[in-house]
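Participant:
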């Protein structure tokens with residue numbers, strides 16, 4: 001992955017393209033004045049102070065006191081950890097609000113859902129394994145088995161009954177820890193990945 005591709009992923013943290021340019025420039029080139037940022041980062045002069053204020057509010061830059069202000073980037077690990085902490089706190093608060101606010105009839109929704117997004121499938125299955133209370137029945141091919149195995153082991157250690165169907169592609173993976181804690185059935189061929197909780 002190139003540097004530009006890496007920095008463009010900062011948009012996932014709510015940064016605009018211009019904010020990314022300014023933050024990247026300060027990280028890679030060190031502290032600068034507003035004038036030098038305009039030329040180095042290639043951002044419009046009229047926008048630069050708004051960009052600084054946005055980055056300051058997001059905890060990504062610091063400003064030196066004095067008449068001629070110097071701007072510098074907060075190191076990545078400090079800056080992003082703060083954003084992640086804020087997002088986690090927000091997620092927890094929103095989750096709790098929805099849990100308390102949703103009507104009683106939707107809490108135990110018996111519908112069958114079809115998911116067609118690999119990342120969403122992985123995260124939903126992980127969440128279901130983590131939150132299982134009594135039993136889990138899974139049918140997994142190798143990539144998803146590799147991703148979920150530690151969560152499956154944790155569930156088994158919590159006393160959850162786990163039944164796992166695997167396929168020939170799993171022969172390339174060490175399932176010795178799983179063998180002692182869950183019921184494993186090996187089937188020929190390939191099947192859809194399924195989870196019942």
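In our numbering, the protein residues as written are 1 to 197. We put the beta carbon where it would ideally sit given N, CA and C, even for glycine. Please read all numbers here as calculations on a predicted model, not as lab measurements.
1. Between which two residues does the beta strand (DSSP E) harbouring residue 186 extend?
2. Could you tell me the distance, in whole angstroms, from the CA atom of residue 60 to the CA atom of residue 54?
3. Measuring alpha carbon to alpha carbon, tell me which residue in 151, 88, 29 is nearest residue 122.
4. Let me make sure I understand the geometry here. Which of 74, 163, 47 has the alpha-carbon closest to that of residue 196?
5. May I ask you to report which of helix, strand or coil DSSP gives residue 158?
6. Can at least three beta-carbon pairs, one atom from the region 121-138 and one from the region 92-99, be found at a separation below 8 Å?
7. According to the neighbour-count rule (16 or more other Cβ atoms, all chains shown, within 10 Å of its Cβ), is residue 149 buried or exposed?
8. Any idea which residues DSSP pairs residue 165 with across the strands?
9. Taking just the CA atoms, how far does residue 187 sit from residue 170?
10. Looking only at its own chain, which residues have a Cβ that is under 8 Å from the Cβ of residue 48, when we skip the five neighbours before and after it?
11. Measuring straight from C-alpha to C-alpha, what distance separates residue 103 and residue 189?
12. Just to confirm, is the Cβ distance from residue 165 to residue 142 under 9 Å?
13. Return the Cβ separation of residue 155 and residue 129 in integer angstroms, given the expectation that the two are a contact with Cβ distance under 8 Å.
Facilitator: Quick answer:
1. Run containing residue 186: 183-186, per the beta strand (DSSP E) assignment.
2. Spanning the two alpha carbons is a distance of roughly 9 Å.
3. Out of 151, 88, 29, 151 has the C-alpha closest to the C-alpha of residue 122.
4. Nearest C-alpha to residue 196: 163.
5. Looking at residue 158 - three-state DSSP - the assignment turns out to be coil, as it is neither helix nor strand.
6. They do not touch, by the three-pair rule.
7. Buried, since its Cβ has 16 or more Cβ neighbours within 10 Å.
8. In the DSSP output, where bridge partners are listed per residue, residue 165 has 139, 185.
9. In a straight line, the C-alpha of residue 170 is about 10 Å away from that of residue 187.
10. Taken in chain order, the residues that qualify are 22, 34, 37, 38.
11. So the two alpha carbons sit approximately 43 Å from each other.
12. Contact flag unset, no.
13. For residue 155 against residue 129, the beta-carbon gap comes to about 5 Å, under 8 Å, which counts as contact.
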